[in-house]
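K.L.:
I have a structure here, written as structure tokens, and I will follow up with some questions on it.
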Amino acid sequence: MKAVAYLMIGLCTLIFGCREEYEAPVPYQFVSPPGAGRFTTSIRQAMEGVYAVTNGADRFGSQVALKWTYTLEGADTTFYLSIFAGQDAAFFNLEGRPDSDSLVVAGFWRKLVNTETGLVRFSVRTRRNGQIRNFSGVSRPGDTLMLDGTYGDNSVQPNRRLTLLYERPLNSTPYEILAHRAGGRTSDLLPTSENSLDMIKLASRLGATGIEIDVRYTKDGVPILYHDNKLNLRLIQKNGLIGAVEEYTYQQLSSHVRLINGEKIPTLEEALETVIANTTLRFVWLDTKYIGPMDKVQAIQQKYRQRAILARRDLRIVIGLPSTEAVESYRALASKENTPILCELDTAVTRSLNARIWAPRWTLGPQTEEVKAMQAENRTVFVWTLDEPQFIQQYINEGQFDGILSNYSTLVAYYHYTRQP
Amino acid sequence: MVFTTTPPEITEEIRITIPAIDVNLQRGLSKRLYIISRLQTQFVQSNLTLGLRWATPLNDRFHLSVGDDISGWFGALRLKDVFNSQAYGLVNYPNASVGYRLTRDLQLAVRAEAIIDWYYRSQVGSLAVEYKPRTVNGVALTFVLEQPFYNRRHVTLGLRAVYADFNWQFWSLYETFDRNLFYPQLLFGFIL
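As you go down the protein sequences, you meet chains A and B in turn.
FYI, in UniProt numbering the residues of the first sequence are 1 to 421.
FYI, in UniProt numbering the residues of the second sequence are 1 to 192.
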């Protein structure tokens with residue numbers, strides 16, 4: 001029987017010890033020079049659009065969408081080029097290279113449904129009657145803009161051909177592309193942690209026009225961003241602290257806890273300050289993860305709403321009501337003036353609260369009649385949290401929603417921008 | 001009964017073990033060829049398996065069997081404000097087992113399976129998606145101990161380690177990341 005025991009222990013060790021660790025480190029170091037460099041406004045505008053993939057379609061699909069975004073740091077503006085592909089939720093993040101005497105962008109690509117990543121580099125060129133030349137910024141009739149480049153896997157220098165040929169402008173129909181947990185889940189192996197300030201800054205480069213963030217209170221009543229009920233190694237680095245974030249003061253969390261990629265747990269105020277000061281995001285969904293009074297979150301919402309107005313920013317900050325407890329907290333507020341809300345419960349509750357936004361779960365289906373009825377009452381309707389690629393395509397092409405909340409904002413961006421009205 | 005523990009990669013901080021009723025039937029077609037059927041159900045989702053198995057003794061202690069099972073699963077969830085979804089699929093499990101008599105009353109069976117997805121369809125409201133992957137979705141390794149229990153009946157206790165990209169019991173979580181996750185399963189049964 002001893003042999004049986006040893007055998008079983010050995011087998012269990014074999015079974016439980018074989019769990020694979022998944023990683024997708026970003027292989028490119030961004031220089032992030034402030035300003036646009038050679039990529040003037042007119043060049044950036046000319047480059048945005050839907051492109052056919054003529055080399056590399058087997059890896060990234062037959063078409064992609066190119067869009068420039070920028071982040072702000074004080075008086076400095078830094079521009080990034082994002083490319084959204086339909087295959088495997090692939091995307092590219094690129095920057096203009098100041099070390100080249102022509103229009104060159106370089107960066108990395110990643111597939112969000114797996115760990116595939118690599119380096120990429122493009123030259124911006126034009127093609128006319130079969131002749132290819134560097135793009136100078138001025139298009140002549142008959143010119144077709146092309147991005148001619150190479151890509152590689154992981155840190156290997158790019159050596160495989162990737163060519164994009166301009167086809168048409170991006171779909172300009174208004175649509176909100178909302179990134180879950182400020183940009184994506186930590187489990188999606190992005191370079192920054194979910195619900196962090198760095199993730200908020202990254203969100204537009206992932207295609208987002210808005211973000212959803214999770215709000216909880218610390219023991220001393222500071223609203224912070226954190227998703228889970230408890231401190232755990234899924235979200236934070238090992239530090240010996242256990243239990244709910246509500247059991248610790250903000251000072252304790254700030255001193256001892258780091259998110260999985262090394263960032264501090266941000267306060268709600270820091271997060272909204274980052275949205276206004278550093279990004280062009282136009283929508284923030286404050287998901288109510290706490291149970292209890294809502295007045296502190298309301299005060300912060302109103303403070304940053306005013307800041308956005310003063311900064312002439314088109315920014316909506318709304319409080320999400322995902323449960324009857326959250327609805328009760330909202331109803332208990334002394335004043336509901338200037339407090340935009342989003343209701344995740346049914347249409348009757350949404351109407352009774354006079355919420356301007358209704359947000360049902362995507363697993364309820366397209367609910368076309370209900371969506372149209374709510375929109376006819378001048379309400380906005382979003383659906384959450386939709387990640388399944390084929391359903392994203394169907395919800396955009398056949399659904400009536402005004403936006404989608406997703407962990408794959410890159411894929412929502414791809415299907416939205418490439419959609420032909 | 002089968003108890004499956006949720007993988008943290010998709011259920012995050014929530015770790016639960018989900019029980020399923022598991023009924024197995026086996027009938028000999030000849031001395032060495034058997035037809036097997038299996039029903040697993042959690043009421044809102046179920047799985048029916050049919051398969052063939054060829055088994056032979058190697059010596060006094062060892063037995064060997066090879067087989068192929070085809071499994072159809074179906075799930076439907078309708079919950080106010082949460083689900084109006086259903087899904088079904090077909091999975092193929094080619095398998096091989098080795099049985100070893102440890103003592104006069106105690107037997108150990110080790111079974112290896114490949115998990116090959118043949119078909120998947122999911123519907124939410126009026127929208128549906130369909131995949132016909134025909135690819136190896138993962139593997140499973142099962143260890144089962146069997147011993148006499150009472151009145152010529154036997155009791156079995158086993159552990160099944162599933163490494164798979166998709167597990168039918170978790171279809172409603174719509175996991176999208178392409179990776180093999182670990183689904184530990186505890187098996188407990190009576191052979192009647």
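Note that beta-carbon positions come from the ideal geometry of N, C-alpha and C, so glycine has one too.
Should S97 of chain B be flagged as near chain A, meaning a C-beta pair shorter than 8 Å?
P.N.:
no
K.L.:
Note down, one range per segment and in chain order, each alpha helix (DSSP H) of at least 4 residues found wholly within the stretch 331-355 of chain A.
P.N.:
347-353
K.L.:
Just curious, the alpha helix (DSSP H) that F391 of chain A is in, first and last residue?
P.N.:
Note, F391 of chain A: alpha helix (DSSP H), 389-398.
K.L.:
With a floor of 3 residues, list each beta strand (DSSP E) that falls wholly inside the stretch 157-187 of chain A, ordered by position along the chain.
P.N.:
160-168, 176-179
K.L.:
For the stretch 151-178 of chain B, list every residue whose C-beta sits within 9 Å of some C-beta in chain A, in sequence order.
P.N.:
L159, A161, Y163, S172, Y174, E175, T176, F177, D178
K.L.:
Would you mind reading off the limits of the beta strand (DSSP E) that contains residue 431 of chain A?
P.N.:
Residue 431 of chain A falls outside the range modelled here, since chain A spans only 1 to 421, and no answer is possible.
K.L.:
Do I265 of chain A and V275 of chain A have their C-beta atoms closer together than 8 Å?
P.N.:
no
K.L.:
How would you label E20 of chain A, buried or exposed, when you count the other beta carbons within 10 angstroms and need 16 or more for buried?
P.N.:
exposed
K.L.:
Does any residue of chain A have a CB that is nearer than 8 Å to the CB of V129 of chain B?
P.N.:
yes
K.L.:
Given a cut-off of 8 Å on the beta-carbon distance, is the pair T142 of chain B and R111 of chain B in contact?
P.N.:
Remark: C-beta atoms of T142 of chain B and R111 of chain B approach each other more closely than 8 Å.
K.L.:
Name the chain A residues that come within less than 9 Å of E13 of chain B, Cβ to Cβ?
P.N.:
H227, D228, N229, K230, N232, R234, L235
K.L.:
Sorted by chain position, which residues of the same chain lie with C-beta nearer than 8 Å to Q375 of chain A's C-beta, five sequence neighbours on each side aside?
P.N.:
V381, Q400, D402
K.L.:
With a CB to CB cut of under 6 Å and the five nearest residues on each side skipped, what residues in its chain are close to residue 193 of chain B?
P.N.:
Limits of chain B in this structure are 1 at one end and 192 at the other, which puts residue 193 of chain B out of reach.
K.L.:
Using DSSP with H/G/I as helix, E/B as strand and the rest coil, what is Q185 of chain B?
P.N.:
strand
K.L.:
Exposed or buried, what is Q251 of chain A when buried is set at 16 or more other beta-carbons lying within 10 Å of its beta-carbon?
P.N.:
exposed
K.L.:
Check whether chain A comes within 8 Å of P19 of chain B, counting only Cβ atoms and requiring the distance to be less than that.
P.N.:
For P19 of chain B, the answer is no, since every Cβ of chain A falls outside 8 Å of its Cβ.
K.L.:
When DSSP builds the beta bridges, which residues end up paired with Q63 of chain A?
P.N.:
A:A52
K.L.:
Buried or exposed for N129 of chain A, please, with buried defined as at least 16 other CB atoms from any protein chain shown within 10 angstroms of its CB.
P.N.:
exposed
K.L.:
Please report how far the alpha carbon of P57 of chain B lies from the alpha carbon of G99 of chain B, in whole angstroms.
P.N.:
9 Å
K.L.:
Going by Cα to Cα distance, which pick from A:R205, A:A208, A:T209, A:K289 is closest to E246 of chain A?
P.N.:
The shortest Cα separation from E246 of chain A among A:R205, A:A208, A:T209, A:K289 belongs to A:K289.
K.L.:
At least one CB of chain A closer than 8 Å to the CB of E9 of chain B: is that the case?
P.N.:
yes
K.L.:
Counting only the same chain and skipping the five closest in sequence on each side, list residues whose C-beta sits under 8 Å from that of A182 of chain A.
P.N.:
E194, N195, S196, M199, I200, A203, I211, E212, I213, L225, A271
K.L.:
Comparing alpha-carbon positions, which option in B:E130, B:G125, B:A55 lies nearest W118 of chain B?
P.N.:
B:E130
K.L.:
Can you pull the chain B residues whose beta carbon is under 8 Å from the beta carbon of V113 of chain A, in chain order?
P.N.:
Chain-order list of chain B residues neighbouring V113 of chain A: T176, F177, D178, by C-beta distance under 8 Å.
K.L.:
From this set, B:L186, B:S172, B:D178, B:Y183, which residue's C-alpha is nearest S46 of chain B's C-alpha?
P.N.:
B:S172
K.L.:
By the 7 Å beta-carbon criterion, what residues does the stretch 69-92 of chain B contribute toward chain A?
P.N.:
D81, V82, F83, N84, S85
K.L.:
Assuming the contact rule is C-beta atoms closer than 8 Å, V50 of chain A and A65 of chain A should be a hit. Round their C-beta distance to whole Å, please.
P.N.:
5 Å
K.L.:
Would you give the residue range spanned by the alpha helix (DSSP H) that T77 of chain A belongs to?
P.N.:
First-last for T77 of chain A: 76-85, but that is the beta strand (DSSP E), not the alpha helix (DSSP H).
K.L.:
Which residues in the same chain as E398 of chain A place their Cβ atom closer than 8 Å to its Cβ, once the five residues preceding and following it in sequence are excluded?
P.N.:
P366
K.L.:
Looking at the C-beta of V124 of chain B, does it have a partner C-beta in chain A at a distance below 8 Å?
P.N.:
yes
K.L.:
Report, in whole angstroms, the separation of the C-beta atoms of F108 of chain A and V31 of chain A, which I expect to be a contact under 8 Å.
P.N.:
Taking C-beta atoms under 8 Å as the contact rule, F108 of chain A and V31 of chain A fail to qualify, at a distance of about 13 Å.
K.L.:
Check this for me: beta carbons of A76 of chain B and Y93 of chain B, under 8 Å apart or not?
P.N.:
Cβ atoms of A76 of chain B and Y93 of chain B: not closer than 8 Å.
K.L.:
Against chain B, does D287 of chain A count as a neighbour if the rule is that its beta carbon must be under 8 Å from one of theirs?
P.N.:
no
K.L.:
When burial is assigned at 16 or more other CB atoms within 10 Å of the CB, is E146 of chain B buried or exposed?
P.N.:
buried
K.L.:
How big is the Cα-Cα spacing for L94 of chain A and L411 of chain A?
P.N.:
Across the structure, L94 of chain A and L411 of chain A are spaced so that their CA atoms are roughly 17 Å apart.
K.L.:
Across the stretch 322-342 of chain A and the stretch 351-366 of chain A, are there enough close Cβ pairs to call them in contact, namely three or more that are closer than 8 Å?
P.N.:
The stretch 322-342 of chain A vs the stretch 351-366 of chain A: in contact.
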